[in-house]
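Down below is the structure, laid out as structure tokens.
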Ligand code: DON
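Numbering (the numbering used here), first residue to last: 2 to 306.
Shown next, in the form of structure tokens:
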């Protein structure tokens, strides 16, 4: 299998793809991104990284940060987390509030906004928001083996200014006691997590510990093997919001998307893959990113099924 050739063919197809989706417009600093871009990076279990297209361009990882927030939260409270957030697909949009009332302020899963706000609350324990964010950025740098990763403060401010729906979710959960800290502190931390900027290459490398059963490729262990498996299972069932079933059907890999147009997909024992193209489909997932992963799964046989 020649990954360089496979990548080149995918990049060429994506360059001329007629339907590129629509760039997220509800956060002003995301609305300005050029939709013509497409990047792909594949970090393999053998330790190589293959890239194509705009793989070195930084983009806002947005909800893909929820994977790292979840990893840290499980490290802090272990299975006690599941008393405050569920593990079922929501069947609703990522920022939906409707289920929260019927389900007593417990979000369906850690990958919808309400669930990730709970993760931010867990990660705040004993910390000030600045320290919690510092810990998250340090963790992402560590798993990516890259000290240059940072937060885009303009995006963080933009999130803050337009985050009324997230504020509603946080206050609603606070009223049920799901959040333990003041909503404003939790949200500050959540908004900054969404605003981490990374390239396809950096993010594919950050996903390597999930491909390697929890091991760090440079040595040592990031999480126990069982935890890596469980994180991947949630990515498969909940990583694309109410389009998670469709993504599993078309691509067959655990994956997590973000409204910045990135998708992190992991094939256990084989590859950590990131595709990025800013145009989104109606479910808020990258239009070309999903298509590119579909092509990659066909060409490599990397579906987990
Ligand atoms: O909470 C929000 O509105 C965003 N900043 C993050 C959401 C996100 O990426 C959801 N994704 N598809």
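Cβ coordinates follow ideal geometry from the N, Cα and C atoms, glycine included. All of these numbers come straight from a predicted model, not from anything done at the bench.
query	result
Residues bridged to residue 23 [DSSP beta-bridge criterion]	281
Opposing strand residues paired with residue 275 [DSSP bridges]	42 and 265
Closest by C-alpha distance to residue 155, when choosing among 255, 60 and 268	60
Beta-carbon gap between residue 41 and residue 11 smaller than 8 Å	yes
Exposure of residue 2, with buried meaning 16 or more beta-carbon neighbours within 10 Å	exposed
Beta-carbon spacing of residue 210, residue 216 below 8 Å	yes
The stretch 272-286 touching the stretch 18-28, judged by at least three CB pairs closer than 8 Å	yes
Separation of residue 55 from residue 189, as counted between CA atoms	30 Å
C-beta atoms of residue 186 and residue 130 nearer than 8 Å	yes
Contact set for residue 110: own chain, Cβ-Cβ below 8 Å, skip 5 residues either direction	86, 87, 88, 89, 90, 91, 116, 235, 238 and 239
DSSP three-state assignment for residue 257, whether helix, strand or coil	strand
Beta carbon proximity, residue 275 to chain C, threshold 8 Å	Judged by its chain identifiers, the structure shown contains no chain C, having just a single protein chain.
Unbroken alpha helix (DSSP H) run spanning residue 210, endpoints	209-212
For residue 287, three-class secondary structure by DSSP	strand
Counted within 10 angstroms of its Cβ, other Cβ atoms place residue 52 as buried (16 or more) or exposed	buried
Rounded distance between the beta-carbons of residue 202 and residue 45, thought under 8 Å	Incorrect: roughly 13 Å between the Cβ atoms, too far for contact.
contact_flag[the stretch 163-178, the stretch 251-270] where n(CB pairs < 8 Å) is 3 or more	no
Residue 218 versus residue 269 - alpha carbon distance	14 Å
Residue 146 burial status per 10 Å Cβ neighbour count (16 or more: buried)	exposed
Beta-carbon proximity check, residue 68 vs residue 257, cutoff 8 Å	yes
Three-way DSSP call (helix, strand, coil) for residue 301 in this model	helix
Proximity test, residue 98 beta-carbon vs ligand 1 heavy atom, cut-off 7 Å	no
Where residue 6 falls, given that 16 or more other Cβ within 10 Å makes a residue buried	exposed
According to DSSP, residues forming a beta bridge with residue 52	42
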